[in-house]
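Worksheet for the structure shown next.
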Amino acid sequence: MNTSLILSNILNPPVLFFFLGMLAIFVKSDLEIPAPLPKLFSLYLLFAIGFKGGVELVKSGVDQAVILTILASILMACVVPLYTFFILRLKLDAYNAAAIAATYGSISAVTFITAGSFLQQLDIAFDGYMVAALALMESPAIIVGLILVKLFTANQSESQEFNWSEVLREAFLNSSVFLLVGSLLIGVLTGEHGWEVLKPFSQDMFYGVLTFFLLDMGLVAARRIKDLEKTGIFLIGFAILIPILNAGIGLLIAKLIGMSQGDSLLFCVLCASASYIAVPAAMRLTVPEANPSLYVSTALAVTFPFNIIIGIPLYLYGINFFWS
Amino acid sequence: MNTSLILSNILNPPVLFFFLGMLAIFVKSDLEIPAPLPKLFSLYLLFAIGFKGGVELVKSGVDQAVILTILASILMACVVPLYTFFILRLKLDAYNAAAIAATYGSISAVTFITAGSFLQQLDIAFDGYMVAALALMESPAIIVGLILVKLFTANQSESQEFNWSEVLREAFLNSSVFLLVGSLLIGVLTGEHGWEVLKPFSQDMFYGVLTFFLLDMGLVAARRIKDLEKTGIFLIGFAILIPILNAGIGLLIAKLIGMSQGDSLLFCVLCASASYIAVPAAMRLTVPEANPSLYVSTALAVTFPFNIIIGIPLYLYGINFFWS
Amino acid sequence: MNTSLILSNILNPPVLFFFLGMLAIFVKSDLEIPAPLPKLFSLYLLFAIGFKGGVELVKSGVDQAVILTILASILMACVVPLYTFFILRLKLDAYNAAAIAATYGSISAVTFITAGSFLQQLDIAFDGYMVAALALMESPAIIVGLILVKLFTANQSESQEFNWSEVLREAFLNSSVFLLVGSLLIGVLTGEHGWEVLKPFSQDMFYGVLTFFLLDMGLVAARRIKDLEKTGIFLIGFAILIPILNAGIGLLIAKLIGMSQGDSLLFCVLCASASYIAVPAAMRLTVPEANPSLYVSTALAVTFPFNIIIGIPLYLYGINFFWS
Amino acid sequence: MYPVKRIEIISDSIELNKIIAGLKQAGVAKYTVIRNVEGNGIKGTTSHEVDMMENDYVIAICAPEQVDRVIEHLRPVLNRFGGVCLISDAMEVRSIQCSAT
Amino acid sequence: MYPVKRIEIISDSIELNKIIAGLKQAGVAKYTVIRNVEGNGIKGTTSHEVDMMENDYVIAICAPEQVDRVIEHLRPVLNRFGGVCLISDAMEVRSIQCSAT
Amino acid sequence: MYPVKRIEIISDSIELNKIIAGLKQAGVAKYTVIRNVEGNGIKGTTSHEVDMMENDYVIAICAPEQVDRVIEHLRPVLNRFGGVCLISDAMEVRSIQCSAT
Ligand SMILES: Nc1ncnc2c1ncn2[C@@H]1O[C@H](COP(=O)(O)O)[C@@H](O)[C@H]1O
Ligand SMILES: Nc1ncnc2c1ncn2[C@@H]1O[C@H](COP(=O)(O)O)[C@@H](O)[C@H]1O
Ligand SMILES: Nc1ncnc2c1ncn2[C@@H]1O[C@H](COP(=O)(O)O)[C@@H](O)[C@H]1O
Ligand code: NA
Ligand code: NA
Ligand code: NA
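Residue numbers (my numbering), protein chains in the order written: chain L, -16 to 307; chain P, -16 to 307; chain B, -16 to 307; chain X, 7 to 107; chain W, 7 to 107; chain D, 7 to 107.
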């Protein structure tokens, strides 16, 4: 594989600041980004990609390519938790298997954003409507995960009944999905004109905020690494191999429906990434029987760094290989 | 009335994000902008408009138009609480009437800023010295309100005596007034040169920060809406009709002293808007007998959204009508 | 001395906002910049100067001038705490003398940044590698201070033994040093390319963030002023005269090794400034016998404002005088 | 001064709504919440720094006779979601602004 | 270990200065403040999210004999501005750094 | 409900690691921390507003028999760095998620 791709990915300020964050924990520096600053950065990033995606969606319009992409996204978001559940059941009880499966069925917006900035750096074009795919892939896995819990856990006491209206709200109206979709719709409504006035804020600051956010993610991921002892080798392997498998399936689908190279990379990254905020919060609320340190630590301390550092260039290598 | 004005106001990212914030509460999304981020945005906005106003004031100089504007502003800030007090006394006790009157006599900086960005979008010019009017109209209503309390409430116990030095400090040195006036003066002192170096920060980010602040205001206003049940129909009507009345009187004065259309809109908006931070804080400290949910909820959950959505284009329609 | 230099320093938005912050405390305004916003500003400033310094270091390369500057910096960082310790011992016990000496041996990044923006305003060039001097001068004084404690305090109980690995971590891996050096290295690694993408964030916002940070520093310094009563006249005199002495020695060294005027000012400012975050934190942890209000208040309420307002133009005046 | 009971609950912030609902059902409508406290419990370390898990600290002062109902309403939430619940004694200084607690 | 009284006041943050002044007048100069707590009381919900109203939580540990004077100084503030005030018992572990509380 | 001891320590945030280490050595692994509280003590005013000095408030609920070991481990830290440490009584409502405290 082309190591220059990995290098050009790594020698990027945001990725290097991710390493710097991890290093801070390893050498026990007291560097921290106090709450709620990381929240500010993530609100900003969701707003900025949602808004830009909306503005571009209105330019490109909704054609067959958009519809195929959307269908493929929903399909993957529903299917990934199903097969990962059965893989996880080899070693874990149904509660934990379902919670981890939901985590991997959903997506990580920051991984997506990092892949986008990687493409920009290589001057590979991608479509604004991929943000719609991002938004659509966040929620379905939560529902699939809960259905799996329902089906595969026996004699549930009354207190364990799901409150489905609460579940649906957590899935479709959690703050990430809500802000992303809301910003996308406002982008669609205000179009070019809105973009003009917001561009210095939502475009020029973007890279810098991403850099700070990844610095914080480095701190967070490294703090979670000590949890991996309890997680065990099976889950660590899972957290590296499943993203590659998911990206591979994503790649085939992308090729099948004729996506461009840039869009294919983003789609693969969506399939390969795992949620470490929205889905874990939903699982803590609806499946408290599952152990958060299993589903959070694998997603955050293994899959996220793997995708950011190796996954993104690896998937692009695969795409370049298949497309040529 | 020209609905295209309302539409071009509403189809503005900041106003749409205000709606998005309200929607988040109505659909029970967990979207929130945690403290102290809203404070960061409001410090920034006060700094940015104060500084820009100062820079422009030094360009335009202090001529008759400036002095007339300033006199008109102080007049309205003193007179509005007087007549609104007697209207409110029809239904409320003197404490609550005075507190609400003070709230409506003062101003909302964000409403002013939103009106400014509406004018910019329509390419209607306005003068930088209107920021001085904004600064001057914040405090007097607090003093008038307390004088009303003194005059119209009987047998005050000793503990209810005002500490006038505390009152004056709250009125003229509260953080909003202090930062706004301070930034204005620094703008005057550093002029064009200071503007040059601060422009990318204080101008290019402005619209984006306003957008985030209005998103938060949408959350805040919507959370207050359930208070309106207790507030009653009289106060809800008051909170819509009094701004229109105040804007109308403002419009007449603006016409009388020959303001430009842009300046007139800003002046009307100052007259029509109500304070939901500085005055409520002063009232909680000096008139604890009044019920905060009355004066905060009317200003925040009725008058603020009304002005942002309907009031601003409505007042401009009135101005266009009178000026042609 | 050329008062126009002082004036052109003072009539700078950041310095004026520093005054505004002090004024807010003196007139008892409730203006405050709530935590953790000042932390956000300081993380940003360290990141921005570190990153820019790295990018410029890679452009200039490491030549003799760089090496001489670095050696001079380390020398001053080790020597200043030594002679200030013996001056302080005239009036103070060894614990307090060592803690204050360490504080003045180290540096204040914000004073350095303010001097940089002063030079920019006067169009005087300076080299990017001065940031390396800044980074190198932060830590040594901590170690020197602790050695002084070891040498000059008798019969230490076992509990007072230093944990040297903890001490070294506090000195070299505290968050300021870590983020500054980390950003510098990332700047070196990503060079021109990284600068391109981060410039709108790390350069265009810089002046504005510095302005807000100095506003907060004004609040903080003024709140500390009442501590000066307890500090006594000896320490107040120390806090004004020692910076001048240190700057003078710095000036001689700068002349000796042939620094440019701009670099000389920055070097003098590094020698003259005192640390009010990193060193005090290290001292609280390692020398709890010393009184924090002595070493913090002198650095923060006397030396910092003195340098920002008078010191910077004064040292430049001296340099102009010697260099011509 | 009146004898009262102080009820304190420290728990994952996702439980907060359920805990407040439980207090209200037990007739305790007044409470205070300290948000974003950090901690270590059987679920491991909880801190915004580690990830987005945060605890909340709820304090409710109530009349001694209300305690049993409160426990009854909170126990199912604690059983399902974890957290810690303490009851202790205190005296309340009633001001004229205090309606019955 | 020495028996002490723990005084706790939860109130609107605009009262904070008056409460601290009251404590000082009663001879209690040491205290701790937890800022920006949220709550529900007779004045309704208080939270930065609802608007800019915030509560502060003040804790002061004092000698048992100081309690009466403290209450005397705080009661007027509580009467005028609301809030809740609790007194409870605790034992203090005195370190050598502790001057008399 | 089970009788427990509540241990509270308010101290400079630089001591936090040492305090938590002390608790752990004494066998108390569960605790809660409220960060960034402000206060006034013999070291003077502590608040992020004054400078970067901040206090932390640590609460640990433990079995009554653990208290003596905890004090033994915390006292050296308190002696060297200052801060205040309180012990008081409370009842814990044990849920099925509670292992022995
Ligand atoms: N014994 C204890 N003392 C103090 N805080 C506790 C204790 N046990 C649990 N907590 C707090 O409650 C949270 C949730 O506890 P758990 O459900 O046991 O993980 C922890 O993160 C701690 O903040
Ligand atoms: N019984 C109570 N238990 C806990 N907190 C209370 C109680 N009563 C009042 N508070 C707190 O004190 C604040 C002010 O109370 P009030 O003056 O009654 O509105 C409330 O917002 C709560 O945070
Ligand atoms: N008597 C007390 N009551 C409440 N808090 C205290 C008391 N004494 C000290 N503190 C807290 O502990 C911190 C450190 O205390 P000290 O070591 O005495 O400076 C102070 O800043 C206060 O927050
Ligand atoms: Na996925
Ligand atoms: Na008004
Ligand atoms: Na120095």
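All residues carry an ideal CB built from backbone N, CA and C; glycine is no exception.
Whose Cβ in chain X lies nearer than 7 Å to the Cβ of residue 276 of chain L?
Your numbering for residue 276 of chain L matches position 293 in the first sequence. Those within 7 Å of residue 276 of chain L in chain X are 50.
Where do the ends of the alpha helix (DSSP H) carrying residue 49 of chain B lie?
By 1-based counting over the third sequence, the position of residue 49 of chain B is 66. Unbroken alpha helix (DSSP H) run through residue 49 of chain B: 47 to 72.
Can you check whether the CB of residue 98 of chain P is closer than 8 Å to the CB of residue 295 of chain P?
Position 312 of the second sequence, counted from the start, is the residue given in the question as residue 295 of chain P. Position 115 of the second sequence, counted from the start, is the residue given in the question as residue 98 of chain P. Cβ atoms of residue 295 of chain P and residue 98 of chain P: closer than 8 Å.
Is the CB of residue 288 of chain B under 8 Å away from at least one CB in chain P?
Walking along the third sequence from the start, residue 288 of chain B turns up at place 305. Residue 288 of chain B does not count as touching chain P.
Name the DSSP beta bridge partners of residue 97 of chain W, please?
As a working mapping, residue 97 of chain W is identified with position 91 in the fifth sequence. Beta-bridge pairing links residue 97 of chain W to W:9, D:93.
Tell me residue 51 of chain X's beta-bridge partners as DSSP assigns them.
The count along the fourth sequence starts at 1 and reaches residue 51 of chain X at position 45. DSSP lists X:46 as partners of residue 51 of chain X.
Can you have a look at residue -14 of chain L and say buried or exposed, based on whether 16 or more other CB atoms are within 10 angstroms of its CB?
Locating residue -14 of chain L in the first sequence gives position 3, where the first residue counts as 1. It counts as exposed.
At a Cβ cut of 9 Å, what residues of the segment 11 to 23 of chain L count as close to chain P, listed as they run along the chain?
The residues in question are 18, 19, 20, 22, 23.
At a Cβ cut of 7 Å, what residues of the segment 57 to 86 of chain W count as close to chain D, listed as they run along the chain?
If the cut-off is 7 Å between Cβ atoms, the segment 57 to 86 of chain W has 67 near chain D.
Pick out whichever of B:298, B:63, B:23, B:279 has its Cα sitting closest to the Cα of residue 214 of chain B.
Locating residue 214 of chain B in the third sequence gives position 231, where the first residue counts as 1. When only C-alpha atoms are compared, the closest one is B:279.
Listed in chain order, which residues of the segment 16 to 30 of chain W have Cβ atoms closer than 8 Å to some Cβ of chain P?
The segment 16 to 30 of chain W vs chain P, Cβ under 8 Å: 18, 20.
Listed in chain order, which residues are found with a beta carbon closer than 7 Å to a heavy atom of ligand 6?
Result: B:63, B:87, B:88, B:89, B:90, B:120, B:229, B:253, B:254, B:255, B:256, B:257.
Of the residues that make up the segment 171 to 189 of chain L, which ones have a beta carbon closer than 9 Å to any beta carbon in chain B?
So the close ones are 183, 186, 187, 188, 189.
Should residue 40 of chain L and residue 112 of chain L be called a contact, given that it needs their Cβ atoms to be closer than 8 Å?
Counting from 1 along the first sequence, the entry for residue 40 of chain L is found at position 57. Counting from 1 along the first sequence, the entry for residue 112 of chain L is found at position 129. Taking 8 Å as the Cβ cut-off, residue 40 of chain L and residue 112 of chain L qualify as a contacting pair.
Check residue 108 of chain B in the structure and name its three-state DSSP category.
As a working note, residue 108 of chain B is residue 125 in the third sequence. It is coil, neither helix nor strand.
Tell me, to the nearest whole angstrom, how far the beta carbon of residue 239 of chain L is from that of residue 305 of chain L; I am working on the premise that it is less than 8 Å.
The sequence position of residue 239 of chain L within the first sequence is 256, counting from 1. The sequence position of residue 305 of chain L within the first sequence is 322, counting from 1. Not a contact, Cβ separation roughly 11 Å.
To which residues of the same chain is residue 122 of chain L closer than 7 Å at the C-beta, ignoring the five residues directly before and after it?
Residue mapping note: residue 122 of chain L aligns to position 139 of the first sequence, counting from 1. If we look at residue 122 of chain L and ignore the five residues flanking it on each side, its Cβ neighbours are 154, 155, 160.
Keeping to the same chain, check which residues put their C-beta closer than 6 Å to that of residue 49 of chain P; ignore five residues upstream and five downstream.
Sequence index remark: in the second sequence, residue 49 of chain P carries index 66 (1-based). For residue 49 of chain P, where only same-chain residues beyond five positions count, the Cβ hits under 6 Å are 112.
Tell me which same chain residues have a C-beta within less than 6 Å of the C-beta of residue -9 of chain L, skipping the five on either side of it?
Locating residue -9 of chain L in the first sequence gives position 8, counting from the first residue. Answer for residue -9 of chain L: no residue qualifies.
Three or more C-beta pairs closer than 8 Å, one from the segment 82 to 90 of chain B and one from the segment 22 to 42 of chain B: is that the case here?
No, they do not touch.
Which stretch, first to last residue, makes up the alpha helix (DSSP H) that contains residue 246 of chain P?
One-based indexing of the second sequence puts residue 246 of chain P at position 263. 244 to 255 is the extent of the alpha helix (DSSP H) around residue 246 of chain P.
If contacts are defined as beta-carbon pairs under 8 Å, then residue 150 of chain L and residue 81 of chain L qualify, I think. What distance do you get, rounded to the angstrom?
For this step, residue 150 of chain L is matched to residue 167 along the first sequence. For this step, residue 81 of chain L is matched to residue 98 along the first sequence. Actually they do not touch by this definition, with Cβ atoms about 13 Å apart.
I'd like to know whether the C-beta atoms of residue 99 of chain X and residue 7 of chain X end up nearer to each other than 8 Å.
Residue 99 of chain X sits at position 93 when you count from the first residue of the fourth sequence. Residue 7 of chain X sits at position 1 when you count from the first residue of the fourth sequence. Contact: yes.
Please list, in chain order, the chain P residues whose beta carbon lies closer than 8 Å to that of residue -4 of chain B.
Your numbering for residue -4 of chain B matches position 13 in the third sequence. Those are 34, 169, 173, 177, 180, 181, listed as they occur along chain P.
For the 8 Å Cβ check, are there 3 or more pairs between the segment 266 to 276 of chain L and the segment 69 to 81 of chain L?
Touching, per the Cβ criterion.
Measure from the C-beta of residue 46 of chain X to each C-beta in chain L and report whether the shortest distance is under 8 Å.
The sequence position of residue 46 of chain X within the fourth sequence is 40, counting from 1. No, residue 46 of chain X does not count as interfacial toward chain L.
If you draw a straight line from the alpha carbon of residue 38 of chain P to that of residue 3 of chain B, how long is it in whole angstroms?
Position 55 of the second sequence, counted from the first residue, corresponds to residue 38 of chain P. Position 20 of the third sequence, counted from the first residue, corresponds to residue 3 of chain B. Spanning the two alpha carbons is a distance of roughly 17 Å.
Going by CA-CA distance only, name the one from D:12, D:21, D:40 that's closest to residue 85 of chain D.
Taking the first residue of the sixth sequence as position 1, residue 85 of chain D is located at position 79. For the residues D:12, D:21, D:40, the minimum Cα distance to residue 85 of chain D belongs to D:21.
According to DSSP, what are the bridge partners of residue 17 of chain W?
One-based indexing of the fifth sequence puts residue 17 of chain W at position 11. DSSP lists W:62 as partners of residue 17 of chain W.
Hey, does residue 32 of chain X have any beta-carbon neighbour from chain W nearer than 8 Å?
For the purposes of this step, residue 32 of chain X is identified with residue 26 of the fourth sequence, where counting begins at 1. Closer than 8 Å: no.
Indicate whether at least one CB of chain W lies closer than 8 Å to the CB of residue 264 of chain P.
Residue 264 of chain P sits at position 281 when you count from the first residue of the second sequence. Yes - at least one Cβ of chain W is within 8 Å of the one on residue 264 of chain P.
Whose Cβ in chain D lies nearer than 7 Å to the Cβ of residue 267 of chain B?
As a working note, residue 267 of chain B is residue 284 in the third sequence. Going along chain D in sequence order, the residues near residue 267 of chain B (Cβ under 7 Å) are 18, 20.
Output, in chain order, the set of chain L residues within a Cβ distance shorter than 7 Å of residue 7 of chain P.
For the purposes of this step, residue 7 of chain P is identified with residue 24 of the second sequence, where counting begins at 1. Per Cβ cutoff of 7 Å: 161.
Just the Cα atoms here: how many angstroms apart are residue 54 of chain P and residue 65 of chain P?
As a first step, residue 54 of chain P is located in the second sequence; it is residue number 71 there, counting from the start. As a first step, residue 65 of chain P is located in the second sequence; it is residue number 82 there, counting from the start. Going by the C-alpha atoms only, they are around 17 Å apart.
Using the beta-carbon of each residue, find all residues closer than 6 Å to any heavy atom of ligand 1 and list them in chain order.
Checking every Cβ against the heavy atoms of ligand 1 under 6 Å gives X:16, X:17, X:45, X:46, X:47, X:48, X:49, X:52, X:61, X:88, X:89, X:90, D:36, D:37, D:38, D:65, D:66, D:67, D:103, D:107.
If contacts are defined as beta-carbon pairs under 8 Å, then residue 349 of chain B and residue 287 of chain B qualify, I think. What distance do you get, rounded to the angstrom?
Given a span of -16 to 307 for chain B in the structure shown, any question on residue 349 of chain B remains unanswerable.
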